[in-house]
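S.K.: Dropping the structure in here first, questions after.
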Amino acid sequence: MSTDTDLASDERRKWSAWAIAAAALLLLMFGIVAVGSIRGCFFADPEQAADATEKKKKDEADKKKEEKPPIKIEPPIVLPSEPKVPLPPAKPGHWAMASQEITANLQDFVGDSRLAVVDGQNRPYPVASTPFYVRSSRPVMLAKGRPKSTQTTFFIPLTGQTARIALDLEERSLGSGPAQAITPLIQMPSYQYGFVVLARSPSRYSYIKTIDPVKSPFNGESDDDNTEEALHYLVVELGADQLASLPDNPLTWTSVAYILWDQIDPGEPFPADQKKALVDWIHWGGQLIISGPDSLDLL
Numbered sequence: 002m003s004t005d006t007d008l009a010s011d012e013r014r015k016w017s018a019w020a021i022a023a024a025a026l027l028l029l030m031f032g033i034v035a036v037g038s039i040r041g042c043f044f045a046d047p048e049q050a051a052d053a054t055e056k057k058k059k060d061e062a063d064k065k066k067e068e069k070p071p072i073k074i075e076p077p078i079v080l081p082s083e084p085k086v087p088l089p090p091a092k093p094g095h096w097a098m099a100s101q102e103i104t105a106n107l108q109d110f111v112g113d114s115r116l117a118v119v120d121g122q123n124r125p126y127p128v129a130s131t132p133f134y135v136r137s138s139r140p141v142m143l144a145k146g147r148p149k150s151t152q153t154t155f156f157i158p159l160t161g162q163t164a165r166i167a168l169d170l171e172e173r174s175l176g177s178g179p180a181q182a183i184t185p186l187i188q189m190p191s192y193q194y195g196f197v198v199l200a201r202s203p204s205r206y207s208y209i210k211t212i213d214p215v216k217s218p219f220n221g222e223s224d225d226d227n228t229e230e231a232l233h234y235l236v237v238e239l240g241a242d243q244l245a246s247l248p249d250n251p252l253t254w255t256s257v258a259y260i261l262w263d264q265i266d267p268g269e270p271f272p273a274d275q276k277k278a279l280v281d282w283i284h285w286g287g288q289l290i291i292s293g294p295d296s297l298d299l300l
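Right under this line is the structure:
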C-alpha cells in the first residue's frame, strides 16, 4: 500500500528526468548556435567577405566626397614662381601676375575672379594722386573635378606699408562665392630683381643662390647696420615641366633681370603665350644666358 510520501517521491523523480532532458536540449541548441557563430567569424563566405569589403570602401569614398568643399581654392602665387611659395614676393611699382589653382568638386562653375591689393585694414590702395583704385577681374570656367590655374594681372602700388592680395570668386548665377584668405605680399626692395633658371635639371644650378652677385656677403660696417644678407636677385628654379609658371603677359616681366636657359626645347612643350612674352622681354633688354652641361661659370 503506497503512501503520500512515496507518491511525492515518484513525482519528483519523474520531473527531475524531464528537467534534465530539457536542460540537455537547451544546451544542445545553444551549442549549435554558438558553433555556427564562431564558424561564421573564422570561416566566412568569400563572396560575403568581398561584398562587405566593397561596401566599406564605398562608404569611405562617400564620406570623403561629402567632406570635400564645393570649390577647392589654393592660395595664389606671383609668377614667375616655384610651386606653393607661402609668401609670394612682388615688386612695388610694377605689374605682376597672380596664379591660383581652383577645382570645382560638385558641379561645373561659371563665374569671375576679382583681385585687389589692400592694406592692413583690407582697404584697396588708390592709384597715386587719384581717388580711384585698380581692381583686376577675369572670367573663370571650371569643369567638375578638373583643376584649373587662373592668371590675373594686377599692379603693386608704391607703398612702404603692408600690401596684401584680396581675391573674390563670384558665381554668375548666385553673385557670391566661397570666402578666401587674404595673402600677404613680400615687397621686393628697389635694388632686387628676379633671376629665373629654366633648365632640364634645375637643381644643377642651385649654387647660384649662394654666389656673391646674388647674395651680398657684406654685413655692414658696424653693429648698428642691418646684418641680414641682402639678396640682389630672387632665384626661381623651373624645370621643363614647369614652364606654365612663367607669366604669359609681357607687362609682368619687368621685375625679371636674368634668365638662364639650359637644354629647354624652345618648341613644344613651351606654351605659346609664355614664349611670346619671353621674346618681348628680350626685345626690351632682358638678359638671356645660354648655358650647357659644360659651361657652369656664369657670372
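For my numbering, add 1 to where a residue sits in the sequence shown, where the first one is 1.
Ideal Cβ positions, reconstructed from N, Cα and C, are used throughout, including at glycine.
(1) Please report the Cβ distance between PRO158 and PRO93, rounded to the nearest whole angstrom; I am assuming they are in contact, meaning their Cβ atoms lie under 8 Å.
(2) So, at 7 Å on beta carbons, what are the nonlocal neighbours of SER177 in its own chain, with the 5 sequence-adjacent residues on each side left out?
(3) Just the C-alpha distance for ARG165 and VAL197, rounded to the nearest angstrom, thanks.
(4) In this structure, does DSSP put ARG205 in helix, strand or coil?
(5) Among the residues of its own chain, which have a CB less than 8 Å from the CB of TRP96, if the five just before and after it don't count?
(6) Do ASN123 and ALA167 count as a contact pair if the criterion is CB distance below 8 Å?
(7) Hey, quick one: how far does the beta strand (DSSP E) through ALA241 stretch, first residue to last?
(8) Within a Cβ cutoff of 7 Å, which residues of the same chain sit near TYR192, ignoring the five residues on either side of it in sequence?
(9) Ordered along the chain, which non-local residues of its own chain (more than five positions away) have a Cβ less than 8 Å from that of ARG136?
(10) Looking only at its own chain, which residues have a Cβ that is under 6 Å from the Cβ of ASP281, when we skip the five neighbours before and after it?
(11) Taking 8 Å as the threshold (C-beta atoms), are THR160 and PRO77 in contact?
(12) Spell out the partners DSSP gives ALA99 in its beta bridges.
(13) Which residues does DSSP list as the beta-bridge partners of TYR259?
(14) Would you decide whether GLY112 is buried or exposed? Buried here means 16 or more other CB atoms lie within 10 Å of its CB.
(15) Once DSSP output is grouped into helix, strand and coil, what is the label at ASP281?
(16) Should MET142 be labelled buried (16 or more other beta-carbon atoms within 10 Å of its own) or exposed?
(17) If you draw a straight line from the alpha carbon of ASP266 to that of PRO127, how long is it in whole angstroms?
(18) Sorted by chain position, which residues of the same chain lie with C-beta nearer than 6 Å to GLY195's C-beta, five sequence neighbours on each side aside?
(19) GLN162 by DSSP, collapsed to three states: which one?
(20) Compute the Euclidean distance between the alpha carbons of LYS145 and ASN106, then round it to the nearest angstrom.
(21) In angstroms, rounded to a whole number, what distance separates the CA positions of ILE291 and LEU199?
(22) Could you round the C-beta distance between GLU75 and GLN101 to whole angstroms and report it? I think they count as a contact, below 8 Å.
(23) How is the beta strand (DSSP E) around LEU116 delimited, first residue to last?
(24) Just the Cα atoms here: how many angstroms apart are THR163 and LYS59?
M.R.: Straight from the coordinates:
(1) Here residue 158 refers to the residue found at position 157 when the sequence shown is read from its first residue. Here residue 93 refers to the residue found at position 92 when the sequence shown is read from its first residue. Contact holds; Cβ gap of about 7 Å.
(2) The count along the sequence shown starts at 1 and reaches residue 177 at position 176. Hits under 7 Å: GLU171.
(3) Walking along the sequence shown from the start, residue 165 turns up at place 164. Walking along the sequence shown from the start, residue 197 turns up at place 196. If I take the Cα positions, the gap works out to 24 Å.
(4) Within the sequence shown, numbered from 1, the residue matching residue 205 stands at position 204. Looking at ARG205 - three-state DSSP - the assignment turns out to be helix.
(5) Translated into positions along the sequence shown, residue 96 becomes position 95. Closer than 8 Å at Cβ, skipping near neighbours: THR154, PHE155, PHE156, ILE157, ASN250, LEU252, THR253, THR255.
(6) Working through the sequence shown from its first residue, we reach residue 167 at position 166. Working through the sequence shown from its first residue, we reach residue 123 at position 122. Their beta carbons are under 8 Å apart, which means ALA167 touches ASN123 by this criterion.
(7) Here residue 241 corresponds to residue number 240 of the sequence shown, with the count starting at 1. Taken as a continuous stretch (DSSP letters only), ALA241 belongs to no beta strand (DSSP E), as it is neither H nor E.
(8) For the purposes of this step, residue 192 is taken as residue 191 along the sequence shown, with counting starting at 1. Same-chain partners within the cutoff: HIS233.
(9) Locating residue 136 in the sequence shown gives position 135, counting from the first residue. Hits under 8 Å: ARG115, LEU116, ALA117, PRO125.
(10) Residue numbering aside, residue 281 sits at position 280 when the sequence shown is read from its first letter. Once the five neighbours on either side are set aside, the close Cβ partners of ASP281 are PRO251.
(11) The sequence position of residue 77 within the sequence shown is 76, counting from 1. The sequence position of residue 160 within the sequence shown is 159, counting from 1. Not in contact: PRO77 and THR160 (Cβ atoms no closer than 8 Å).
(12) Translated into positions along the sequence shown, residue 99 becomes position 98. In the DSSP output, where bridge partners are listed per residue, ALA99 has VAL79, THR153.
(13) Taking the sequence shown and counting its residues from 1, one reaches residue 259 at position 258. Assignment of beta-bridge partners to TYR259 by DSSP yields PHE196, GLN288.
(14) For this step, residue 112 is matched to residue 111 along the sequence shown. When all chains shown are included, GLY112 counts as buried.
(15) Counting from one through the sequence shown, the residue named residue 281 turns up at place 280. ASP281 falls in the helix class under three-state DSSP.
(16) Translated into the one-based positions of the sequence shown, residue 142 becomes position 141. So MET142 ends up on the exposed side.
(17) Within the sequence shown, the letter at position 265 stands for residue 266. Within the sequence shown, the letter at position 126 stands for residue 127. Between ASP266 and PRO127, the C-alpha separation is close to 42 Å.
(18) Counting from 1 along the sequence shown, the entry for residue 195 is found at position 194. Excluding residues within five positions, the ones whose Cβ falls inside 6 Å are LEU235, SER256, VAL257.
(19) Position 161 of the sequence shown, counted from the start, is the residue given in the question as residue 162. Of the three classes helix, strand and coil, the one that applies to GLN162 here is coil, per DSSP.
(20) Here residue 145 refers to the residue found at position 144 when the sequence shown is read from its first residue. Here residue 106 refers to the residue found at position 105 when the sequence shown is read from its first residue. The straight-line gap from Cα to Cα measures roughly 6 Å.
(21) In the sequence shown, residue 291 corresponds to position 290, counting from 1. In the sequence shown, residue 199 corresponds to position 198, counting from 1. Computed Cα separation, rounded: 10 Å.
(22) Residue mapping note: residue 75 aligns to position 74 of the sequence shown, counting from 1. Residue mapping note: residue 101 aligns to position 100 of the sequence shown, counting from 1. Between GLN101 and GLU75 the Cβ distance is about 6 Å, and since that is below 8 Å, they are a contact.
(23) Looking up residue 116 in the sequence shown gives position 115. From DSSP, the beta strand (DSSP E) with LEU116 extends over 110-119.
(24) Taking the first residue of the sequence shown as position 1, residue 163 is located at position 162. Taking the first residue of the sequence shown as position 1, residue 59 is located at position 58. Computed Cα separation, rounded: 48 Å.
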